[in-house]
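These protein sequence lines are chains L, H, A and V, in that order. Take the numbering used here: the final residue in the first sequence is number 638, and no numbers are missing along the way. Take the numbering used here: the final residue in the second sequence is number 638, and no numbers are missing along the way. Take the numbering used here: the final residue in the third sequence is number 361, and no numbers are missing along the way. Take the numbering used here: the final residue in the fourth sequence is number 361, and no numbers are missing along the way. The C-beta atom is built at its ideal place from N, Cα and C for all residues, glycine as well. What follows is one structure encoded as structure tokens, with my remarks underneath.
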Amino acid sequence: MNVLERQQEAGHATRSPVINDFSLVVATANGTGSQTANLTLLRSFFKLGIPVHGKNIFPSNIQGLPTWYHIRVSHEGYIARRPSEILVAFNPATAHEDVQELPSGGVCIYNADLKNLPQRDDLVFYRVPVGELIAGIDVPVKRKPYLANMAYVGAVAWMLEVPLEVVEEALSAQFGYRQKLVESNMQVVRRAYTWATENLNKQDPFRIEPMNKTEGLIVMTGNEAGALGAVFGGASVAAWYPITPSTSFMDALREFLPKLRKDENGKPTYTVIQAEDELAAAGMIMGAGWAGARAITSTSGPGISLMAEFVSYGYFTEIPAVIWDIQRVGPSTGLPTRTSQGDISFTYTLGHGDTKHPILLPSSIEECFEFGWKSFDLAEQLQTPVFVLSDLDLGMNNWMGKPFEYPNQPMQRGKVLSAGQVQALGGFARYKDVDGDGIPYRTLPGTDHPLAAYFTRGSGHNEQAQYSERAEDWLNNMARIARKFETARNLVPAPATELNPSARVGIIAYGTTRYAIEEARDHLAQRLPTSFLRLRALPINQEVRDFVAAHERVYIIELNRDGQMHSILQTELPEFASKLRSIAYLDGMPLTAHWVEDRLLKEEGDSR
Amino acid sequence: MNVLERQQEAGHATRSPVINDFSLVVATANGTGSQTANLTLLRSFFKLGIPVHGKNIFPSNIQGLPTWYHIRVSHEGYIARRPSEILVAFNPATAHEDVQELPSGGVCIYNADLKNLPQRDDLVFYRVPVGELIAGIDVPVKRKPYLANMAYVGAVAWMLEVPLEVVEEALSAQFGYRQKLVESNMQVVRRAYTWATENLNKQDPFRIEPMNKTEGLIVMTGNEAGALGAVFGGASVAAWYPITPSTSFMDALREFLPKLRKDENGKPTYTVIQAEDELAAAGMIMGAGWAGARAITSTSGPGISLMAEFVSYGYFTEIPAVIWDIQRVGPSTGLPTRTSQGDISFTYTLGHGDTKHPILLPSSIEECFEFGWKSFDLAEQLQTPVFVLSDLDLGMNNWMGKPFEYPNQPMQRGKVLSAGQVQALGGFARYKDVDGDGIPYRTLPGTDHPLAAYFTRGSGHNEQAQYSERAEDWLNNMARIARKFETARNLVPAPATELNPSARVGIIAYGTTRYAIEEARDHLAQRLPTSFLRLRALPINQEVRDFVAAHERVYIIELNRDGQMHSILQTELPEFASKLRSIAYLDGMPLTAHWVEDRLLKEEGDSR
Amino acid sequence: MENPTPTPTDRTQIIKTNAIGLSKKDYDGAPSTLCKGCGHNSIASQVVQVGFELNLRPHEIIKLSGIGCSSKSPAYFLGMSHGFNALHGRMPSVSTGALMANHSLRAIGVSGDGDTGSIGMGQFKHLMRRNVRMVYLVENNGVYGLTKGQFSATAEEGLELKYAGQNEFPQVDLCMEAIIAGCGFVARSFAGDAKQVRELLKAALSHRGTAVLDIISPCVAFNNEDDSPKSYGYGTKNEKPLHELGFIPYAEEISIEPMEPGEFRTVRLHDGSHISLRNLDTAYDPTHKLAALERLQRAQDTGEFITGLIYYNPDRPSLAELEELDTPLSRLSTEQLRPSQTALQQFLQSYR
Amino acid sequence: MENPTPTPTDRTQIIKTNAIGLSKKDYDGAPSTLCKGCGHNSIASQVVQVGFELNLRPHEIIKLSGIGCSSKSPAYFLGMSHGFNALHGRMPSVSTGALMANHSLRAIGVSGDGDTGSIGMGQFKHLMRRNVRMVYLVENNGVYGLTKGQFSATAEEGLELKYAGQNEFPQVDLCMEAIIAGCGFVARSFAGDAKQVRELLKAALSHRGTAVLDIISPCVAFNNEDDSPKSYGYGTKNEKPLHELGFIPYAEEISIEPMEPGEFRTVRLHDGSHISLRNLDTAYDPTHKLAALERLQRAQDTGEFITGLIYYNPDRPSLAELEELDTPLSRLSTEQLRPSQTALQQFLQSYR
Ligand SMILES: Cc1ncc(C[n+]2csc(CCOP(=O)(O)OP(=O)(O)O)c2C)c(N)n1
Ligand SMILES: Cc1ncc(C[n+]2csc(CCOP(=O)(O)OP(=O)(O)O)c2C)c(N)n1
Ligand code: SF4
Ligand code: SF4
Ligand SMILES: [Mg+2]
Ligand SMILES: [Mg+2]
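Here you go:
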């Protein structure tokens, strides 16, 4: 239910102001530089202390196709996607449809050049003569078209009563304080603002008012946060092949490393190799992890498919490496610029034969940072490839967050024997379960001891890493690796649980669906109280079992077609299989609280 | 429990004869040509009308490493692996261990050259002076070493009382009736036979006696049978990359096609391309299936990993193709010459994003042939890649079977529109669910009509196959493909079920584990009566649900570590998840009835 | 709306049509969604023009591609032909399969420098070895356009770009790669040289096996600074055609004579049509492998932008010829695909 | 038992040891499980010999391979060095990663013609471009030995073999492929020519970047008929060394002079050692790319079996040099790997 509906319910005759609670969408064409304008608006709200979040819905091309930028402003701190009440219509190709989609009582700010928009008298229209406003501003010709976007910034500022100095501050940040650029752009913003003040009269209820809810927070994309986490996790060899939406992860890593990771002589303590494809990227991190680097790659669905053979190899030869999958909509090329949680089951058992891999599931920029460094510790402790499954929504959009906590534990490099230790032990067996946790010891190439070397191979081997086709060697080795996975259960990040004593219904989710779910739970607090367990990793631990046991029905809500996590939990918790219900949906857009509420109520209706 | 134990139980003072019921193992080194000798023995028993089966346990190299050939002879018709009572010890490298493994009362026929074998007076030893026996036989030098093997053929013939003319007949078949070769080899066989008659006296109870249980049967490997099925299924474009144990599938296909599939002008109605790798092989069958060929590839685990991206593509673009996975032990390179059922869960949802693929599960050469042709019908009816999951044991070993039934239905080419039909319809929409079964219509390139063309892409598309990023297009299209999978449930081969009214326990299995299970069920008939459902394909149908519903506990027995089919059934039948029990085991060797009995009794003991 | 299935032009209009009664419009595809000014767009429009001029029957053509901006272009031409937008770097294997299924089809494959030179190197090389009959267009801009401008394998060593930084690795010369892999028709051109692109494309369509056209096609978004060898500015200023090219459909037998500088000669193509070459500046003989390699290497060393038919050798049979394909496999009847019941029984005899 | 971890020879015995006190035995690996007489075995024993003669420290070496009989050989030499038997065709990427993690290691990679020329073509080419410092040995027998003798990409066009039938496709010349991809050390040899293999291997170990040794290594099981160009018979009869080779460790500066037929000269290698070349029959200058390509092409056309150092050019920096690697990344301390808390706080300022 959006604010307007609620207003009507509340039965207002005249429309009372709606403050710091609306969703605004800017419709433009790809490659017109509207991003700067949109981020300027976002930052303005943020600087005014109002919780805000932006989602860029862009096409899979470089220039010309429709793009929508959604900004959610919420004094309650809700940042899930919500159908917009305010439209900035700047794209002729979609304007007609965009206007149709506005809820009754909505607002449309449009470029005067747009012809025959649909007539709707349940909307407020503001016409902005962009042409006039940008006439004669002096900027390099190349940037001219971009100026148009500043016109809507000004108009929105007027409509929502955003102080211009705040806009200017935000704008400056966008342009990295390059004065000339800032000035020319602000000029348009001011003109638009003044023009609106003089020629338009405000008929809509939407306003913003300063708050203090963003005090001390930062704004960053998930890919930047993850990359920064990797920098503090000691990432030393990164190999990658470009693919949307993971490219910006490596862009960030390549930007941050030189700033933060030069040694005392200014030499790099890292290297980043652009591979010829994902097969090669996977091979590079296998080689690097084996030789003692903290190795990382980032990719998306198609790349995961191409890495399958090497992941099966890494699982069996027990090589640490970190693989970020910034999920986009699959199968196949699918929707490369839309978000999804569709690679969960595929990555969990990626590769031929019996395999299982730890998966970390970040839901915020804080967790992207945390898992950014922690994933290396886990990979080296467990000596196995570790996945971090983020998604396009989290990875490429800007999110508010607390300043990241510095790693709260020293680096865990796992069971690596030095030459001295090998000497002391009088040798070692690479694949022996010395400690009963299934995790063996390894040595790094270059270890100066005649007994330090061993031979790594994807074929059958015994405890001494010698080639073996013996049945019992195979059996024992694979049983040990299975034990290792049991060890992993309590090493990986535990779930975040909100138990509601009065709830008979539980919800399990992971990643970015949390925002729609949290908002929905609040709305349903009375009608349908729920508990909430947010998985932060696979494999699951006892806490998940207990949570399920404690509720009559548990809904697993996820952003894919087949209810992939639901299936995983069914097999991990067979005793509860029938009380685990799947709510799975994927059309490329992040969930809305509204949709979650409806589905939950419907399911509960059915199951009563 | 082997025959000897049973004897002891029966409490015989003197050993009464054991007729047509034993397991014999020949231990040699790889690349010494023992295969001919072993198959000669196998064929001799077969020709005597006695049910027989041979398993070749060979190493992953070309020459020199240990090889064992197991021959199971059973008047009851059991052909599962069974620990051998009779050993032919011809490999110095393993002789010691081989002898140790013999059960008390067993027999060891050994090459006189073997030094210090373990002394065991609970065994019968027959020493064969191979050197003398092959002295001065005239054959090309290159074949000389192979002759040695004929010595044990003769010795075994003597011991088991196999008529020499039968051996000669079998031998001739092996050498394709090349008289000179046959003669020189038979010479050694005879010499050994005569020598044994004169110098050895029989102390063991094992004998064979003619029966008529192999009347009209054929002997073939699963890979040959599958390839022959493909030939009769109209395979027209085959693309492959060599990999054990699938190579012999393509070898057979390449041998059979020229014999059976030349057109009236002697032109080939097929082509077989050796690709540069499995990625390319997968791409080739995608292109071929799209263009209207019956396209097929065969591979094994590592190749499946490399095909993941294309399979995800084929699922989403809806292209028919057939992929045979002759399973070997994974993960990774694993044990390339050992058998497994370890790729079930990986292939079932192969590829990133939400995907599900039909899988056929042959258990015999009859089913290899049947699924060989049927898989093409299913692929073209469902317009999707279809997997056939065989294994090394079935694929590379020789099995008895009934002569194959000619396809009992005309070829199903699926929903393909001709130019005329396109004309009549006034066009078509490639991805429209016209019939409500989720299966759309397609046209082939080359269809001479201006409205016949469409554009195939792995990215989002609407019903007209036009590029689309619209949420509802994605949603609808993927929902339709899911419906198609529901249609598949009743198109794929139904399970083979043996309901036992007095059974509270059910067994579900698939593929070659059936033989050990069937034997075990007979042995347990009194102590633990069971029903048996043998899956012949995925996805499952109602019959499987009913079977599970009808039993208190259902054990899923399979040859992998993680109980992969068990997991699949748990998610498909959540209501029964907790009564589905997993019995999974993988060490590279086929199961024995003995092991199955023990495990079942133990599990049942626990659950009582 | 993308890729509308076009219908033949209504004859009542007075529109110029070709020998098979199709107008140029009938060879159009969907409107391009590429950047304005992208080299790929001009190449696509040349394909349309060539289709019209050669009277190609749309249903006899298939168009294939990998993934990338370049690989999108098949959607923008020949809307009445079946299209296959495959996976990144995998167009060669898909084309091979499709053309084995139906070797009577003529195929136009479009790829990019990343699609071919980076992820696709292996399949590209092996396609050349198999000599599958098809036109293989590389729209070569030295960057990964669709992923926003990283260097591809064909970027020049030392090249500097705003986003990508400096390229440290030697460039892959796709013409050299094609030649040493056994390709018999290797040409380089420039998206800005419409006429040459057209004539080469026509000749390529007449070739017996795989014909590679390495077309420098500027990426205006990420690699179009005038000092970049793959920019419009550079190309327009420095393109150095080795010869003037003309395509002559189905002329009678003319044989190849060795040629002196500036001399004119024609080369017979596999389907009986010819291509005429008038040497510019130097004598260049496109029928000698080593000369071709030498010329390409020299061009690379001196940064020359040479274009034209670089190597031509029609001797090797195509894959379909090697496989002795007759009736297209996709057209075989059930009877031809399934042997008789007696055939099965007889065959099984030897397994008793 | 395979790959026993050997210990340095007990000094009390009187066994010949090298400068670092290791005996030849210390450079052995596990006993070979390859066929008797397989060319790969003789190559493996040359690696052992070279390790001993060059006083290599086993722990400073890593040995890597793909999959195949050839790729098994690292198990049969240098048992005291870490080994990595990777995936089929993927040794190059693994080596790249390992050598980025620790560029102080010296790597010996072993591959096969199928592993490199078929499935591995892409990674092979891109390894050359990156010039990762390592020795890349191809044990080239023209077939897939381990899968029982199918043709690989390096099999000669027209070659006929019992199991594989006739090869219809042009052979891939791995030396040419390496050269045009940018490799600076390209040699061809013959498993039957132990001395040449050794000298080339020594020189290769001193090279600055990737050094490719394409060693014809007969498969006695599937491709050793005397008429096959990759058989012992053919090789022994027809091997045609371009020059006599000698490796000179760490000599003082000697520069390259152009050479006349039969003339003697030495070439300085990156680590200061030298290789001496005495031309046989013709004058051959391995420092000219085009000459090298020309010679290889001619050899292919005429079926000559030329061996020796075919191309040498030390100018391009290795990948580690390009990446400016200093302390091996695998040896960095936690402090060097994790920036300080204040660094984090400062960095986050700009995101407020
Ligand atoms: C397996 C896989 N990896 C990565 C990508 C992402 N991707 C799409 S296009 C492209 C590069 C295209 O470059 P090029 O072939 O040169 O085409 P251009 O866009 O420059 O015309 C990449 C890396 C993908 N689609 N699939
Ligand atoms: C992905 C994959 N495909 C196929 C195989 C099977 N295979 C193992 S070795 C090999 C070919 C080896 O040939 P080559 O590299 O020439 O080595 P050789 O045995 O001839 O020395 C193949 C196809 C594999 N191991 N992995
Ligand atoms: S990004 Fe470059 S290659 Fe892609 S469409 Fe734009 S100009 Fe063309
Ligand atoms: S099969 Fe060939 S390559 Fe393999 S070990 Fe034997 S001889 Fe060597
Ligand atoms: Mg490009
Ligand atoms: Mg080989």
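- Taking C-beta atoms under 8 Å as the contact rule, Asn68 of chain H and Val82 of chain H fail to qualify, at a distance of about 11 Å.
- Listed in chain order, the non-local C-beta contacts of Leu95 of chain L below 6 Å within the same chain comprise Asn60 and Pro89, local neighbours out to five positions each way being set aside.
- The continuous stretches of beta strand (DSSP E) do not include Glu333 of chain V, and DSSP gives it neither H nor E.
- Segment contact: the region 286-295 of chain H against the region 334-343 of chain H, fewer than three CB-CB distances shorter than 8 Å; contact not assigned.
- Using a Cβ-Cβ cut-off of 9 Å, Phe577 of chain H does not count as an interface residue toward chain L, since no Cβ of chain L sits closer than that to its own.
- Annotation for Gln217 of chain L: Ile167 place their beta carbon closer than 6 Å to its own, counting only its chain and skipping 5 residues before and after.
- Listed along chain V, the residues sitting closer than 7 Å to Leu299 of chain A by beta-carbon distance are Glu303 and Gln306.
- Under the Cβ criterion of 9 Å, Gln357 of chain L is not counted among the residues facing chain A.
- Near chain V, meaning a CB-to-CB distance below 8 Å, the residues of the region 168-190 of chain A are Glu177, Phe178, Pro179, Val181, Asp182, Met185, Glu186, Ile189 and Ala190.
- A straight-line Cα-Cα distance of about 23 Å links Thr291 of chain V and Gly201 of chain V.
- Put simply, the CB of Glu127 of chain L is far from chain A, with every gap to its CB atoms at 9 Å or more.
- The beta carbon of Gly490 of chain L falls within 9 Å of a beta carbon belonging to chain H, placing the residue at that interface.
- Every alpha helix (DSSP H) of 4 residues or more that sits fully in the region 280-351 of chain A is shown, in chain order, as 298-311, 328-331 and 343-346.
- Ranking H:Ala200, H:Ala338 and H:Gly360 by CA distance to the CA of Phe417 of chain H puts H:Ala338 first.
- Residues of chain H with a Cβ closer than 8 Å to the Cβ of Leu365 of chain L are, in chain order, Ser489, Gly490, Glu499 and Trp504.
- Three or more beta-carbon pairs separated by less than 8 Å are not found between the region 103-118 of chain A and the region 125-132 of chain V, which leaves the two stretches without contact.
- Every residue with a CB closer than 5 Å to a heavy atom of ligand 4 is listed here in chain order: H:Ile92, V:Leu43, V:Cys44, V:Cys47, V:Cys78, V:Gly154, V:Cys228, V:Val229 and V:Ala230.
- The straight-line gap separating the alpha-carbon atoms of Ser597 of chain L and Thr327 of chain L is approximately 27 Å.
- Look at Thr299 of chain L here: in three-state DSSP terms it is coil, with no helix or strand label.
- Within the model, the alpha-carbon separation for Arg287 of chain V versus Asp280 of chain V is close to 21 Å.
- Using a Cβ-Cβ cut-off of 9 Å, Asn590 of chain L counts as an interface residue toward chain H, since at least one Cβ of chain H sits closer than that to its own.
- Restricting attention to L:Ala546, L:Ile80 and L:Leu599, the CA atom closest to the CA of Ile248 of chain L is found in L:Ile80.
- Beta-bridge analysis with DSSP links Phe256 of chain A to A:Ile284.
- L:Thr527 is the residue among L:Trp354, L:Thr527 and L:Val522 whose C-alpha sits nearest the C-alpha of Ala580 of chain L.
- For Thr124 of chain L, none of the residues of chain A pass the 9 Å Cβ criterion, the least Cβ distance being about 13 Å.
- Here Arg544 of chain H is actually not in contact with Tyr585 of chain H; their C-beta atoms are around 14 Å apart, not less than 8 Å.
- Within the same chain, and ignoring the five residues on either side of Val197 of chain H in sequence, the residues whose Cβ sits closer than 7 Å to its Cβ are Thr70, Ser74, Val183, Ala187 and Val219.
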